[in-house]
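S.K.: The structure is given below, and queries will be raised subsequently.
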Amino acid sequence: MNGIGEKNRIEVSKFWTWIDEDGVIHTEVKPNAEIFIEDAKENSKIVNSLGEEGTGLLVDSREIKSMTREARQFFTVRNRSSKINVIAIVTRSPVSKIIANFFLGVNKPDMPCKLFNSKEKALVWVNETLISEN
Amino acid sequence: MSTTNLESLDRADKILEVLMAYATLDFSKKAEVGDSLGVFDAIATGVNMLGEELKATTVSLNEKNTLLKEIHHRVKNNLQIVSSILSMQSQFIDDPIALEKFNDCRLRIKNIALVHEKVYESNHLNEINFKDYVDAVLTSYQDFFKSQGSDAVLKYESDDPEKIVHIDLAMPMSLIVNELLANSYKYAFKNRTNNKILVSFKGKGSVDSPFILKVSDNGIGANGKFDPESATSLGAVLIEALIEQLSAEYSISDQNGTSVEVIFNT
């Protein structure tokens with residue numbers, strides 16, 4: 002599994018991660034996953050291994066159950082390396098909305114970051130933002 | 080009431096319990112998040128994240144307070160070292176006038192150190208209990224007087240013994256007390272016995288009833304010789320400057336000894 006295309010997605014304990022044909026990295030939180038700092042680091046490592054400098058990240062957190070403060074802080078700063086310039090977070094359940102809003106409102110990531118209800122709209126925004134950023 | 084409503088009430092109660100624990104700074108509790116990821120789970124998640132943030136902020140605040148206490152402690156220790164060095168140096172001074180000035184400086188420094196000591200002993204790091212402070216100053220002076228062969232008795236009175244004073248106010252007040260005590264010691268009791276000094280503080284101040292800090296002795300009286308406005312000594316210069324700093328007024332009475340009243344609002 003090289004992570005190129007969803008069929009070749011890389012699986013770790015709490016996430017599936019892959020890169021699409023446009024170079025955008027997708028990471029999907031597994032159903033009812035509780036994200037701790039170790040999971041955040043593991044996810045970061047995979048994300049860092051994919052894509053080129055200045056790419057975007059689409060986080061599908063629709064099924065997330067919880068995320069610790071340490072994990073939120075880790076995701077806030079550019080620990081994923083400077084490769085990622087923009088993050089779109091897809092939410093659906095009330096829990097995922099609360100976590101994502103808390104992350105944006107309290108932890109304040111240091112790059113463009115926006116919430117969506119639809120993956121398609123999120124992907125459009127990521128690509129548009131990358132074009133305007135670059 | 081339906082089962083769903085009962086379950087909702089039960090969830091709300093449990094979340095409220097956690098919130099109440101957070102209100103008392105007990106961050107060990109967590110609200111339960113179920114697998115349905117519904118609205119109550121979302122509220123519980125939000126409460127849990129809020130608790131994590133509050134805990135981090137509280138810990139950080141406690142660390143800052145501890146650090147601030149440590150700084151006050153170190154300042155006090157350093158000032159005590161300075162005071163001790165002056166004391167040691169004074170043993171090599173033969174000139175009585177120079178020796179007196181050394182001792183004056185030493186007492187000033189010692190009393191500033193006492194303010195820092197009282198600050199780090201207090202629960203609030205910018206306030207002190209004024210009675211505790213003055214008691215400590217009087218003990219320090221009493222020891223000094225004894226070491227100099229004086230039998231003067233020092234006493235403190237206040238209409239508000241639990242008076243808490245902000246450090247910005249405590250520092251000039253403490254220096255004024257120090258200078259007035261030194262004045263009484265030096266000039267009031269020459270060749271006299273049964274000597275007394277009373278420090279009093281009317282602390283229940285208001286707009287109509289300002290604070291009054293008073294230092295009086297039963298000595299020979301200044302007979303008009305003590306007037307900070309026409310100051311010729313460092314002590315008097317300091318009193319004048321500190322009174323100005325407090326935007327205070329003062330009055331001096333020469334009846335039955337000397338009594339200096341400093342009147343101010345906060």
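Residue numbers (my numbering), protein chains in the order written: chain A, 2 to 135; chain B, 80 to 345.
Even glycine gets a Cβ: it sits at the ideal position worked out from N, Cα and C.
Classify V78(A) as helix, strand or coil using the three-state DSSP reduction.
M.R.: The answer is coil: DSSP assigns V78(A) none of H, G, I, E or B.
S.K.: Straight-line CA distance for S226(B) to Y220(B)?
M.R.: Each residue's alpha carbon lies about 10 Å from the other.
S.K.: Please state the DSSP three-state secondary structure of A89(A).
M.R.: Here A89(A) sits in strand by DSSP.
S.K.: Between L104(B), A327(B), F209(B) and S326(B), which lies nearest to N141(B) when the distance is taken from Cα to Cα?
M.R.: Comparing Cα positions, the closest option is L104(B).
S.K.: Flag this pair as yes or no: are the beta carbons of M68(A) and I47(A) separated by less than 9 Å?
M.R.: Their beta carbons are not under 9 Å apart, which means M68(A) does not touch I47(A) by this criterion.
S.K.: 9 Å is my cut-off, CB to CB: does V97(B) come that close to chain A?
M.R.: Judged by the 9 Å Cβ criterion, V97(B) is not in contact with chain A.
S.K.: Spatial neighbours of I85(A) within its chain, please: CB distance less than 6 Å, with the 5 preceding and 5 following residues excluded, ordered by chain position.
M.R.: Result list for I85(A): L58, in chain order.
S.K.: Just grab the DSSP bridge partners of I207(B) for me.
M.R.: The partner list for I207(B) (beta bridge, DSSP) reads V244(B).
S.K.: From K234(B) to E328(B), what distance separates their C-alpha atoms?
M.R.: Their Cα atoms are separated by approximately 23 Å.
S.K.: Whose C-beta lies closer than 7 Å to the C-beta of S330(B) among residues of the same chain, with five residues either side of it excluded?
M.R.: The answer, listed in chain order, is E340.
S.K.: Report yes if the C-beta distance between L158(B) and H203(B) is below 9 Å; otherwise report no.
M.R.: Their beta carbons are not under 9 Å apart, which means L158(B) does not touch H203(B) by this criterion.
S.K.: Please report whether the beta-carbon of N33(A) lies at a distance below 9 Å from any beta-carbon of chain B.
M.R.: It does; some Cβ of chain B falls within 9 Å.
S.K.: Measure the Cβ-Cβ separation of I150(B) and I255(B) and say whether it is below 9 Å.
M.R.: No; because the gap between Cβ atoms is not below 9 Å, this pair is not in contact.
S.K.: Mind checking if I90(A) is an interface residue toward chain B, Cβ cutoff 9 Å exclusive?
M.R.: Chain B, which has no Cβ nearer than 9 Å to the Cβ of I90(A), makes this no.
S.K.: Identify, in the order they occur along the chain, each residue of the same chain with its Cβ nearer than 6 Å to the Cβ of L51(A), setting aside the five sequence neighbours on each side.
M.R.: Around L51(A): G4, I20 and I26.
S.K.: Which residues, taken in chain order from the region 97-125 of chain A, show a beta carbon closer than 8 Å to some beta carbon of chain B?
M.R.: So the list reads S97, K98, I99, I100, F103 and V107, given in the order they occur along the chain.
S.K.: Output yes or no for whether 9 Å exceeds the beta carbon distance between I191(B) and F181(B).
M.R.: No.
S.K.: What residue does the beta strand (DSSP E) around I20(A) start on, and which one ends it?
M.R.: That run of the beta strand (DSSP E) goes F16 to I20.
S.K.: Closer than 8 Å to a non-hydrogen atom of the ligand SAH - does that hold for the CB of K15(A)?
M.R.: With respect to the ligand SAH, the structure shown offers nothing to examine, as it has no ligands at all.
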